[in-house]
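Single-structure report; data block below.
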Amino acid sequence: MKDKTDKLLQQGVFIMVLMVVMLMLNWMSLQSINTLDRNEQNKLDQLAEKLDQQREGIRDLNGELRRMQDNQKLTEELRLALKEGMQNFGARMPQPVYVAPQQGTPVQQAPQQPPQQAVEVTPPADTPATEPEHTASTEGMAEATSGMGTDDAIPGPDPNAKIGGTYVATTAEPSTLNLLTTSEGTTLQIMRYVVEPMFTLSEQDATKIDPLLATHWKLAPDNMSITFHLRQGVTWSDGAPFTADDVLFTWNTMMDPEVKAESSRGDYKDVESVEKLDDFTIKVSFKQPDWTIQYSFGSNLYVLPRHFYEQEVRDYAAANNIAEGSYSVIPGQPGFGKIFNELQAPCVGTGPYMMPEDGWERGQSLRLERNPNWWMHSIQQGVWNLQTLRWRFIRDQVQQVNQARQQKIDVLVIDEDQWEDSLRHEGVFADNYEYYNYDHQGLGYNYIVWNCRKFPFDDARVRRAMTHSIDRKTLLHDMWRDNGQIATCINKPVYPEYNKDLKPLEFSLSKAAQLLKEAGFKDVDNDGILDKEVDGVWKPFKFTFTVPSGRSEYTRIGTHLKENLARIGVVLEVLPLEWATFIEDLYVHNFDAMCLYNSFQSAWIDNYASVHSSEDKERGSNVPGYHTPELDQLVTDIRREFDRDKRIPMFHKLYKILQEAQPRTLLIHGRVSVILHKRFRNVIVRHKGMRSTYWWVDPKDVRY
Numbered sequence: 156m157k158d159k160t161d162k163l164l165q166q167g168v169f170i171m172v173l174m175v176v177m178l179m180l181n182w183m184s185l186q187s188i189n190t191l192d193r194n195e196q197n198k199l200d201q202l203a204e205k206l207d208q209q210r211e212g213i214r215d216l217n218g219e220l221r222r223m224q225d226n227q228k229l230t231e232e233l234r235l236a237l238k239e240g241m242q243n244f245g246a247r248m249p250q251p252v253y254v255a256p257q258q259g260t261p262v263q264q265a266p267q268q269p270p271q272q273a274v275e276v277t278p279p280a281d282t283p284a285t286e287p288e289h290t291a292s293t294e295g296m297a298e299a300t301s302g303m304g305t306d307d308a309i310p311g312p313d314p315n316a317k318i319g320g321t322y323v324a325t326t327a328e329p330s331t332l333n334l335l336t337t338s339e340g341t342t343l344q345i346m347r348y349v350v351e352p353m354f355t356l357s358e359q360d361a362t363k364i365d366p367l368l369a370t371h372w373k374l375a376p377d378n379m380s381i382t383f384h385l386r387q388g389v390t391w392s393d394g395a396p397f398t399a400d401d402v403l404f405t406w407n408t409m410m411d412p413e414v415k416a417e418s419s420r421g422d423y424k425d426v427e428s429v430e431k432l433d434d435f436t437i438k439v440s441f442k443q444p445d446w447t448i449q450y451s452f453g454s455n456l457y458v459l460p461r462h463f464y465e466q467e468v469r470d471y472a473a474a475n476n477i478a479e480g481s482y483s484v485i486p487g488q489p490g491f492g493k494i495f496n497e498l499q500a501p502c503v504g505t506g507p508y509m510m511p512e513d514g515w516e517r518g519q520s521l522r523l524e525r526n527p528n529w530w531m532h533s534i535q536q537g538v539w540n541l542q543t544l545r546w547r548f549i550r551d552q553v554q555q556v557n558q559a560r561q562q563k564i565d566v567l568v569i570d571e572d573q574w575e576d577s578l579r580h581e582g583v584f585a586d587n588y589e590y591y592n593y594d595h596q597g598l599g600y601n602y603i604v605w606n607c608r609k610f611p612f613d614d615a616r617v618r619r620a621m622t623h624s625i626d627r628k629t630l631l632h633d634m635w636r637d638n639g640q641i642a643t644c645i646n647k648p649v650y651p652e653y654n655k656d657l658k659p660l661e662f663s664l665s666k667a668a669q670l671l672k673e674a675g676f677k678d679v680d681n682d683g684i685l686d687k688e689v690d691g692v693w694k695p696f697k698f699t700f701t702v703p704s705g706r707s708e709y710t711r712i713g714t715h716l717k718e719n720l721a722r723i724g725v726v727l728e729v730l731p732l733e734w735a736t737f738i739e740d741l742y743v744h745n746f747d748a749m750c751l752y753n754s755f756q757s758a759w760i761d762n763y764a765s766v767h768s769s770e771d772k773e774r775g776s777n778v779p780g781y782h783t784p785e786l787d788q789l790v791t792d793i794r795r796e797f798d799r800d801k802r803i804p805m806f807h808k809l810y811k812i813l814q815e816a817q818p819r820t821l822l823i824h825g826r827v828s829v830i831l832h833k834r835f836r837n838v839i840v841r842h843k844g845m846r847s848t849y850w851w852v853d854p855k856d857v858r859y
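Okay, so the sequence shown: first residue is 156 according to the numbering used here, each after it adds one.
Have a look at this one:
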């Protein structure tokens with residue numbers, strides 16, 4: 156019995172030893188496989204980088220070929236221009252190889268020389284003759300805008316134009332139509348038809364400025380003030396007269412600290428005072444010389460009606476049981492700003508269109524009707540001929556395309572690859588819509604803004620790593636079909652202020668990983684996600700990438716970055732938000748990263764508000780919150796310098812600093828792709844883009 160037991164014990168021990176050996180062999184095998192997997196993955200990553208480099212090389216060759224072809228065309232144009240003796244050769248230039256792009260916070264720039272004797276603006280008959288005046292300069296604008304638009308023809312009125320017809324577009328519903336309390340591009344897009352500034356860049360000639368509410372203006376010889384002479388005989392759409400009191404009211408309202416106009420006030424820090432000299436003369440005095448004020452006050456400040464808002468404040472107070480004496484109708488007085496911020500409806504205007512009382516159907520659409528008493532109608536016929544402008548609140552691009560298929564909307568901004576791959580092959584689009592692809596003065600760039608106020612984007616190495624993780628050449632090819640260029644400056648490539656010596660940070664996940672390692676990130680718990688110790692706690696590198704819902708291009712950019720970052724241990728969540736929520740989060744800095752689009756409200760660009768520390772506040776224009784004393788001084792010095800040739804290297808220095816810091820990852824200067832219904836006539840696309848100023852519809856083609 157004992158022998159049998161011993162034998163069983165021996166067999167048991169043998170089996171146990173055998174099992175241990177087998178487990179060890181299995182463990183060693185798994186380790187070997189894991190090592191092989193890691194080695195193979197490393198090899199695959201290296202091969203992928205080589206393939207990316209080869210692919211980039213092929214694209215560079217293709218781009219060079221296109222440049223050579225464009226240069227050949229340019230040479231032929233020059234030969235023809237010389238042969239014909241054309242002085243303004245720029246008007247015939249083909250679209251240049253640089254190509255620029257297609258909503259963030261507007262920035263400003265500087266295509267002009269020091270204020271000089273400009274071409275005299277001839278006042279209308281109701282204005283007394285004056286000596287030739289200094290006006291805003293447009294030097295360099297002809298060269299900068301010569302390749303914009305799609306047409307060589309100069310836009311102008313058609314003598315056969317008829318009044319009537321409806322134009323239907325789509326947009327996100329604005330949170331407000333109060334121009335002073337928002338920086339939403341949608342609000343300006345609509346209200347620019349209702350209210351007007353002093354002057355604007357001419358639609359017909361980029362070397363000229365068209366006077367609007369001011370007939371002429373003069374910058375003092377010491378550059379310390381500018382005087383605007385206002386147009387007489389202008390009325391608001393309700394019949395009330397326009398005077399200097401309206402300009403003064405607009406200024407005082409914007410400067411009221413209770414009014415949520417932070418994004419506008421940044422342009423006017425050097426204004427000492429705005430005075431009414433008489434009913435039709437306004438003088439703006441400066442604390443210090445600042446070349447930008449004549450443009451921001453002249454072309455960016457849309458004048459609001461004093462009489463209208465005084466009554467609106469009274470009506471709001473009565474409707475909300477606010478006692479008389481506890482508020483004022485005068486800007487700057489207690490209680491005015493609090494009520495003004497609540498006024499969302501549009502005002503009466505001096506512009507070509509006005510909004511009827513039932514014009515804003517919340518959640519549905521917004522409608523403007525032609526202003527029959529617009530002052531310009533007595534000066535020039537054939538302008539703003541369309542009877543109705545309507546915007547339907549459709550944010551989702553799939554719904555927009557479906558509505559276009561049914562011809563229920565007239566215009567649609569589309570992705571270039573969407574047009575090339577599918578829509579142009581559909582009969583309804585080929586038969587009923589024209590396709591346009593162009594650059595214009597207002598186009599800017601797509602970009603990602605990093606919240607530099609908090610972990611992990613308070614470290615420049617992290618922000619640079621994010622930029623290295625984006626394959627912008629692939630995005631340019633796949634989404635824009637190489638019809639654009641990678642952005643490096645918060646400006647337009649057509650202007651000399653753009654630092655063309657800066658090269659984009661290349662796509663390299665290995666460089667991104669190295670930068671994150673230098674910034675203190677490592678995977679401490681072997682879960683595949685990088686961590687960093689902050690105040691004694693290890694935090695995983697996870698962040699939210701916020702985009703406006705319904706905009707496929709932003710979601711595609713976020714998905715692209717998410718996939719790349721996953722390969723180096725970073726977790727990104729793409730978060731689509733409805734437009735109102737998206738904008739509010741932007742205003743109060745409630746984000747990690749956001750994908751935005753920046754357009755240019757003015758042809759004269761100055762980056763002060765988007766860089767200076769004073770704009771790092773709620774509703775301010777310094778959205779990323781990045782600033783330094785050096786940058787503050789530099790953007791201030793740029794405003795002081797009236798000599799454009801001296802400003803240019805200062806801009807170049809600014810953009811080099813921002814390139815190192817990467818508070819924004821600039822993506823693409825693209826071109827805008829638009830389809831427009833064929834029933835509209837006299838459609839000419841030039842440096843200001845696709846403007847309906849001279850369009851008209853034959854009565855037999857009227858829809859809706």
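Where is the CB? At the ideal position from N, CA and C, for every residue including glycine.
Beta-carbon within less than 6 Å of Asp445's beta-carbon, same chain only, minus the 5 sequence neighbours each way: which residues are those? For Asp445, the CB contacts under 6 Å within the same chain, skipping 5 residues up- and downstream, are Asp425, Arg794 in chain order.
Secondary structure, beta strand (DSSP E): runs of 3+ residues fully inside the region 463 to 512: Correct list: empty.
With 8 Å set as the bound, which would you pick, yes or no: does the beta-carbon of Lys363 sit closer than that to a beta-carbon of chain C? Here there is only one protein chain, and chain C is not present.
Starting from the N-terminal side, write out each stretch of the alpha helix (DSSP H) that is 4 residues or longer and does not extend beyond the region 745 to 782. As for any alpha helix (DSSP H) of minimum length 4 sitting wholly inside the region 745 to 782, the runs are 763 to 766, ordered along the chain.
Helix, strand or coil for Gln536, going by three-state DSSP, please let me know. In the structure shown, Gln536 sits in coil (DSSP, three-state: anything other than H, G, I, E or B).
Contained alpha helix (DSSP H) runs [length at least 4] in the region 637 to 685, N- to C-terminal order: Whole alpha helix (DSSP H) segments, 4+ residues: 664 to 673.
Buried versus exposed, by CB contacts within 10 Å (16 or more), Asp594: Burial call: buried.
Which residues DSSP lists as bridging Glu589, in chain order: The secondary-structure analysis by DSSP pairs Glu589 across a beta bridge with Leu831.
Quick one: Cα of Phe676 to Cα of Glu430, how far? Their Cα atoms are separated by approximately 57 Å.
Can you tell me which residues form a DSSP beta bridge with Lys438? According to DSSP, which records beta bridges pairwise, Lys438 is partnered with Thr382, Glu430.
When you compare the region 341 to 350 with the region 550 to 566, are there three or more beta-carbon pairs, one atom per stretch, that lie closer than 8 Å? Proximity of the region 341 to 350 to the region 550 to 566 falls short of the contact definition, fewer than three beta-carbon pairs being nearer than 8 Å.
Using three-state DSSP, classify His371 as helix, strand or coil. In the structure shown, His371 sits in a strand (DSSP, three-state: E or B).
Out of Lys672, Gln488, Asn654, which has the shortest C-alpha to C-alpha gap to Glu413? The shortest Cα separation from Glu413 among Lys672, Gln488, Asn654 belongs to Gln488.
Which residues DSSP lists as bridging Leu813, in chain order: Looking at the DSSP assignment, Leu813 forms no beta bridge with any residue, so it has no partner.
Quick check: the Cα distance between Asp613 and Phe696, rounded to an integer number of angstroms? Approximately 13 Å between the Cα atoms of the pair.
Under the three-state DSSP convention, the category Arg420 falls into: Here Arg420 carries a helix assignment [DSSP, helix/strand/coil].
Keeping to the same chain, check which residues put their C-beta closer than 6 Å to that of Leu786; ignore five residues upstream and five downstream. Close CB contacts of Leu786 within its chain, under the 6 Å cut and outside five residues either way in sequence, are with Val766 (chain order).
Could you please give the first and the last residue of the uninterrupted alpha helix (DSSP H) stretch that includes Gly518? Looking at the DSSP string, Gly518 is not in any alpha helix (DSSP H), and its letter there is neither H nor E.
Within the same chain, show all residues whose beta-carbon is closer than 7 Å to that of Gln866, passing over the 5 residues directly before and after it, in chain order. Within the shown structure, residues of the chain are numbered from 156 to 859, placing residue 866 beyond reach of any answer.
Through-space distance from Pro784 to Asp434, alpha-carbon basis: Rounded to the nearest whole angstrom, the CA to CA distance from Asp434 to Pro784 is 43 Å.
For Ser847, the nearest candidate out of Pro507, Asp411, Val503, Asn455 (CA to CA): Nearest C-alpha to Ser847: Pro507.
Short check: CB of Glu351 to CB of Val439, under 8 Å? It is not a contact, given that the beta carbons lie outside the stated cut-off.
Reduced DSSP category for Trp605 - H, G, I as helix; E, B as strand; rest coil: Secondary structure at Trp605: strand, using DSSP grouped into helix, strand and coil.
Use the C-beta contact count for Ala668: other C-beta atoms within 10 angstroms, 16 or more gives buried, fewer gives exposed. Buried, by the Cβ-count rule.
How is the alpha helix (DSSP H) around Thr622 delimited, first residue to last? 615 to 623 is the extent of the alpha helix (DSSP H) around Thr622.
Identify the continuous alpha helix (DSSP H) that holds Phe404 and give its terminal residues. Per DSSP, Phe404 belongs to the alpha helix (DSSP H) from 399 to 410.
Out of Phe698, Ser665, Met845, state which residue places its alpha-carbon closest to the alpha-carbon of Phe610. Among Phe698, Ser665, Met845, the Cα nearest to that of Phe610 is on Phe698.
Apart from the five residues just before and just after Glu427, which ones in its own chain have a Cβ nearer than 7 Å to its Cβ? So the qualifying residues of the chain are Ser440, Phe441, Lys442.
Going along the chain, which residues of its own chain have a beta-carbon closer than 7 Å to the beta-carbon of Lys666, five neighbours each way excluded? Excluding sequence neighbours, Lys666 sits near His623.
Three-state class that DSSP yields for Gly713 in the structure shown: Note: Gly713 maps to helix in three-state DSSP.
In terms of residue numbering, what span does the alpha helix (DSSP H) encompassing Gly340 cover? According to the DSSP assignment, Gly340 belongs to the alpha helix (DSSP H) that extends over 340 to 346.
Given 8 Å, three or more beta-carbon pairs between the region 643 to 652 and the region 681 to 689: Fewer than three Cβ pairs drawn from the region 643 to 652 and the region 681 to 689 lie within less than 8 Å of each other, which leaves the two stretches out of contact.
Spatial neighbours of Gly775 within its chain, please: CB distance less than 6 Å, with the 5 preceding and 5 following residues excluded, ordered by chain position. Answer for Gly775: Glu417, listed in chain order.
Classify Arg193: buried if its beta carbon has 16 or more other beta carbons within 10 angstroms, exposed otherwise. Its pLDDT being 45, under 50, Arg193 is placed unreliably in this model, and the coordinates cannot settle the point.
Three-state secondary structure (DSSP) of Lys415: Coil, per DSSP.
Taking the alpha-carbon of Val402 as reference, which of Asn762, Pro486, Glu739 has the nearest alpha-carbon? Residue Pro486 holds the alpha-carbon nearest to the alpha-carbon of Val402 among Asn762, Pro486, Glu739.
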